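Mapping of the sequence shown onto my numbering: position 359 corresponds to residue 378, and the numbering continues sequentially without gaps. Quick reminder that beta carbons are idealized off the backbone N, C-alpha and C, glycines included. Keep in mind the model is a prediction, meaning the values are calculated, not measured. Taking it in order: structure first as structure tokens, then the write-up.
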Amino acid sequence: MSFPLLTATAALPAIGAIATAAVPAARRTAAKWLALLFSLATLALAITVLVRFDPDGERYQLTESHSWIADFGVRYELGVDGIAVALIALTALLIPFIVLAGWHDADPLETGSRRWRPTQGFFALILAVEAMVIISFEATDVFLFYIFFEAMLIPMYFLIGGFGDRAHEHGEEKAATQRSYAAVKFLLYNLAGGLIMLAAVIGLYVVAGNFSLTEIAQARANGELEMATSTERWLFLGFFFAFAVKAPLWPLHTWLPNAMQESTAPVAVLITAVVDKVGTFAMLRFCLQLFPEASKWATPVILVLAVISIIYGALLAVGQRDIKRLIAYASISHFGFIVMGIFAMTSQGQSGATLYMVNHGISTAVLMLIAGFLISRRGSRLIADFGGVQKVAPVLAGTFLIGGLATLSLPGLAPFVSEFLVLVGTFTRYPVIGIIATFGIVLAALYTLVLYQRTMTGPVKPEVAAMPDLKVREIAVVAPLVVLLVFLGVYPKPVTDVVNPAVKQTLSDVQKKDPQPDVEAAK
Numbered sequence: 020m021s022f023p024l025l026t027a028t029a030a031l032p033a034i035g036a037i038a039t040a041a042v043p044a045a046r047r048t049a050a051k052w053l054a055l056l057f058s059l060a061t062l063a064l065a066i067t068v069l070v071r072f073d074p075d076g077e078r079y080q081l082t083e084s085h086s087w088i089a090d091f092g093v094r095y096e097l098g099v100d101g102i103a104v105a106l107i108a109l110t111a112l113l114i115p116f117i118v119l120a121g122w123h124d125a126d127p128l129e130t131g132s133r134r135w136r137p138t139q140g141f142f143a144l145i146l147a148v149e150a151m152v153i154i155s156f157e158a159t160d161v162f163l164f165y166i167f168f169e170a171m172l173i174p175m176y177f178l179i180g181g182f183g184d185r186a187h188e189h190g191e192e193k194a195a196t197q198r199s200y201a202a203v204k205f206l207l208y209n210l211a212g213g214l215i216m217l218a219a220v221i222g223l224y225v226v227a228g229n230f231s232l233t234e235i236a237q238a239r240a241n242g243e244l245e246m247a248t249s250t251e252r253w254l255f256l257g258f259f260f261a262f263a264v265k266a267p268l269w270p271l272h273t274w275l276p277n278a279m280q281e282s283t284a285p286v287a288v289l290i291t292a293v294v295d296k297v298g299t300f301a302m303l304r305f306c307l308q309l310f311p312e313a314s315k316w317a318t319p320v321i322l323v324l325a326v327i328s329i330i331y332g333a334l335l336a337v338g339q340r341d342i343k344r345l346i347a348y349a350s351i352s353h354f355g356f357i358v359m360g361i362f363a364m365t366s367q368g369q370s371g372a373t374l375y376m377v378n379h380g381i382s383t384a385v386l387m388l389i390a391g392f393l394i395s396r397r398g399s400r401l402i403a404d405f406g407g408v409q410k411v412a413p414v415l416a417g418t419f420l421i422g423g424l425a426t427l428s429l430p431g432l433a434p435f436v437s438e439f440l441v442l443v444g445t446f447t448r449y450p451v452i453g454i455i456a457t458f459g460i461v462l463a464a465l466y467t468l469v470l471y472q473r474t475m476t477g478p479v480k481p482e483v484a485a486m487p488d489l490k491v492r493e494i495a496v497v498a499p500l501v502v503l504l505v506f507l508g509v510y511p512k513p514v515t516d517v518v519n520p521a522v523k524q525t526l527s528d529v530q531k532k533d534p535q536p537d538v539e540a541a542k
């Protein structure tokens, strides 16, 4: 029996969460180091998965399958394709930086009558989320996926509501109320999506007789499993609704700005760079594979929703006064690009969408973590409270600029390649949608450069005159991510080589081919 590498990759952070939570309350520093070591060990296993994965081999590799709830056909089935491998690597890469960036975010602090939760709990919850996200990327049993898709809401709820941002202009009591509101809103939205998905999961079992993604997809491809058109469409909508909430896609997005605003910066990165990727990933893995005809049927409406997300998110980002809310609305716009690329049903669009998931995770981590360092120094999230920071903290300002330029997809930085592929892939099949979506790029340049101008340039405000520059720990957090942004911006081939074969297989599931060009290339 071969070593269960996928199980180990998901189990290690879960074990780390338990071990970190068990550290005595007086040994907070030991808990931090333990969480960091477990996150690094998980990264090592994720790299092993990446190395052992053969892009030209079987679709699902490193598979594991064991009977779990035999009476209901539920199995413990794991397997990864190129898309899952890339996102597991992204998750495992970001968690150590999230841990480092949040090193002091949960330190005890007496504020009035309220005392912050134990430090151990903060880091244990982060590792618990990592474990659940990784196994969600690995699961090829629909019921197994559903369990962890929903279970990750619990630690996220406590991270948002119990360890929120300490920088609040209205005082601690008001801050606690707003954190609770954001956490409950996050939970209710995602639970509503999950409950609708549960009904669809049960419906799928009634139709197919099992929960195995590979068996159901294969039976559908061979004509051994027929679904009535109306049945397939209702099941598709049940799955897609839950994924659109998680993604988040307009108009199901309203929980995200509140959650990111009230979270610490590392938790905000965990939300938008890690957890939300499960939604877009699941669209590729489950919606397109299980319900190919319904996916094609829903494509026009979904593309319209995606374009609305792109423009709406960017427009609202332009008008924000709060730095974190601005980044949140920018992420809504970016997720619109990802969904648009998925449902363009072209190889360029889906390759770009998958690459966008990876690149958005890295670029958002850089921008949000630097914003967190900035906010913690000033004690305010309001853009108007900053000014002239680049004169007193040039390294902080420089890395903030790089993160911002990556957000607006500047050529030479990683998001440019993915955004370009998404637009090209969309334009070849839906030119009007592609043209409208390009306005999102113009708006991204506007909100990013205005944010930088108002916070970093101009006269030095008295409140930031003594602001220290980045410290060694903070540089260790952002420097590797900046290097990765540049590397993948000029050489994205390592990622595209992994994901492209999986994208071709997904297109084959929906029986779509790339449109032929109107003019043949010269030979």
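Proximity of Ala552 and Thr283 at Cβ, strictly below 7 Å | There is simply no residue 552 to check, as the chain begins at 20 and stops at 542 in what is shown.
First and last residue of the alpha helix (DSSP H) that includes Ser395?
-> Following the DSSP letters along the chain, one finds Ser395 inside the alpha helix (DSSP H) bounded by residues 366-397.
Whole angstroms is fine: what's the gap from Val70's alpha carbon to Pro513's?
-> Going from the Cα of Val70 to the Cα of Pro513 covers about 11 Å.
Answer yes if the region 499-514 comes into contact with the region 395-410, meaning at least three C-beta pairs across the two stretches below 8 Å, and no otherwise.
-> Because the criterion of three Cβ pairs below 8 Å is not met, the region 395-410 and the region 499-514 do not touch.
Just the Cα atoms here: how many angstroms apart are Phe167 and Phe205?
-> Going from the Cα of Phe167 to the Cα of Phe205 covers about 16 Å.
According to DSSP, which residues form a beta bridge with Gly183?
-> According to DSSP, which records beta bridges pairwise, Gly183 is partnered with Ser282.
Go ahead and label Val497 buried or exposed: buried means 16 or more other beta carbons lie within 10 angstroms of its beta carbon, across all protein chains shown.
-> Label assigned to Val497: buried.
Given Ala464, which residues of its chain have a CB within under 6 Å of its CB, disregarding the five upstream and five downstream residues?
-> Listed in chain order, the non-local C-beta contacts of Ala464 below 6 Å within the same chain comprise Leu427, local neighbours out to five positions each way being set aside.
Among Leu345, Thr233, Asp100, Ile494, which has the Cα closest to the Cα of Gln280?
-> For Gln280, the closest C-alpha among the options Leu345, Thr233, Asp100, Ile494 is that of Leu345.
Do Glu83 and Leu97 come within 7 Å of each other at the CB atom, strictly closer than that value?
-> Yes; because the gap between Cβ atoms is below 7 Å, this pair is in contact.
Near Lys343, what residues of its chain come up, given a Cβ to Cβ distance below 6 Å and the 5 sequence neighbours on each side ignored?
-> Here the set comprises Met279, Gln280, Arg400.
7 Å Cβ cutoff met for Ile452 and Thr445 | In this structure, Thr445 lies closer than 7 Å to Ile452 by Cβ.
Cβ of Pro311 within 7 Å of Cβ of Asp528?
-> Less than 7 Å divides the Cβ of Pro311 from the Cβ of Asp528.
Where does Asn378 land, buried or exposed, given buried means 16+ other C-beta within 10 angstroms?
-> Buried is the call here.
Sheet register partners of Ala29 (DSSP bridge) = Within the DSSP bridge table, the entry for Ala29 names no partner.
Excluding the 5 residues preceding and the 5 following Gln524 in the sequence, name in chain order all residues of the same chain whose CB lies nearer than 6 Å to its CB.
-> Closer than 6 Å at the Cβ level, and outside the excluded window around Gln524, lie Arg78.
Under 7 Å, do Val264 and Leu271 count as touching if we go by C-beta distance?
-> Taking 7 Å as the Cβ cut-off, Val264 and Leu271 qualify as a contacting pair.
Span separating the alpha-carbon of Thr233 from that of Thr26 | Those two C-alpha atoms are separated by around 18 Å.
Range of the contiguous beta strand (DSSP E) that encloses Gln80 | Here the beta strand (DSSP E) through Gln80 covers 80-88.
Gly35: buried (16+ other C-beta within 10 angstroms of its C-beta) or exposed?
-> Only buried fits Gly35, as 16 or more other CB atoms lie within 10 angstroms of its CB.
If you drop the 5 nearest sequence neighbours on each side, which residues of the same chain put their C-beta closer than 6 Å to that of Ala33?
-> Only Ala150 meet the Cβ criterion.
Ignore the nearest five residues each way along the sequence and tell me which others in Pro276's own chain have a CB closer than 7 Å to its CB.
-> Cβ neighbours of Pro276 within its own chain (closer than 7 Å, five residues either side excluded): Arg344, Ala347, Tyr348.
Out of Leu214, Gly181, Leu223, point me to the one whose CA is closest to Val203's CA.
-> Out of Leu214, Gly181, Leu223, the CA that lies nearest to the CA of Val203 is found in Gly181.
State the DSSP-derived secondary structure class of Arg133, mapped to helix, strand or coil.
-> With a pLDDT of 45 at Arg133, under the threshold of 50, the modelled position of that residue is not reliable, and the figure given next carries that caveat. Collapsing the DSSP output to three states places Arg133 in a strand.
Nearest candidate by alpha-carbon position, reference Ala60, set Tyr95, Ala41, Leu113 = The shortest C-alpha separation from Ala60 is found at Leu113.
Should Leu214 be labelled buried (16 or more other beta-carbon atoms within 10 Å of its own) or exposed?
-> Per the 10 Å Cβ criterion, exposed.
Do Ala325 and Met359 have their CB atoms nearer than 7 Å?
-> Going by C-beta atoms, Ala325 is nearer than 7 Å to Met359.
Under a three-way DSSP split, which group does Ser231 fall into?
-> It is a strand residue.
Where does Leu427 fall in DSSP's three states?
-> Note: Leu427 maps to coil in three-state DSSP.
If you compare alpha carbons, which of Ala125, Val118, Thr138 is closest to Ala44?
-> The residue with the shortest Cα to Cα distance from Ala44 is Thr138.
Start and end of the beta strand (DSSP E) containing Val93?
-> Element bounds for Val93: 93-99.
Give every residue of the same chain whose Cβ lies closer than 8 Å to the Cβ of Ser132, excluding the five residues on either side of it in the sequence, and list them in chain order.
-> Because Ser132 sits at a pLDDT of 38, beneath the cut-off of 50, its placement in the model cannot be relied upon, and the following sentence gives the value as read from the coordinates. When the five nearest sequence neighbours on each side are left out, no beta carbon in the same chain lies closer than 8 Å to the beta carbon of Ser132.
Contact check, Ala125 vs Phe141, beta carbons under 7 Å = Cβ atoms of Ala125 and Phe141: closer than 7 Å.
From which residue to which residue does the alpha helix (DSSP H) around Ala333 run?
-> From DSSP, the alpha helix (DSSP H) with Ala333 extends over 311-337.
Helix, strand or coil: which one does DSSP assign to Asp528?
-> Correct three-state label for Asp528: helix.
Specify, as a first and last residue, the run of the alpha helix (DSSP H) that Val479 falls within.
-> Taken as a continuous stretch (DSSP letters only), Val479 belongs to no alpha helix (DSSP H), as it is neither H nor E.
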